[in-house]
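>
Numbering (this note's numbering), first residue to last: 16 to 79.
1) By the 10 Å Cβ neighbour count, where 16 or more other Cβ atoms means buried, how is residue 39 classified, buried or exposed?
2) Looking at the structure shown, is residue 63 part of a helix, part of a strand, or coil, going by DSSP?
3) Mark residue 67 as exposed unless 16 or more other C-beta atoms lie within 10 angstroms of its C-beta, in which case mark it buried.
4) Taking only three categories from DSSP, how would you classify residue 75?
5) Taking the CB atoms as reference points, tell me whether residue 36 and residue 70 lie closer together than 9 Å.
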């Protein structure tokens, strides 16, 4: 007879909650970088700045 281990409901719930929290934090970071950064963190050149600038226009956020 073979025993198969299956994760408990609590483990699945914690894993789902961690994935949800991670997704929300990533979404908030992306929103900050695109919407409110205005170049403070994107100092790696004009390419990244222009990408964020176009993202602000795409989302309808004021940028200038």
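Quick reminder that beta carbons are idealized off the backbone N, C-alpha and C, glycines included.
It should be emphasised that the depicted structure is a prediction, and the values quoted were computed from it without experimental measurement.
To lay it out plainly:
1) On the chain shown, position 24 is the one that residue 39 refers to. That one is exposed.
2) For the purposes of this step, residue 63 is identified with residue 48 of the chain shown, where counting begins at 1. Taken through DSSP and simplified to helix, strand or coil, residue 63 comes out as helix.
3) Here residue 67 refers to the residue found at position 52 of the chain shown. Label assigned to residue 67: buried.
4) In the chain shown, residue 75 corresponds to position 60, counting from 1. Reduced to three states, the DSSP call for residue 75 is coil.
5) Residue numbering aside, residue 36 sits at position 21 when the chain shown is read from its first letter. Residue numbering aside, residue 70 sits at position 55 when the chain shown is read from its first letter. No; because the gap between Cβ atoms is not below 9 Å, this pair is not in contact.
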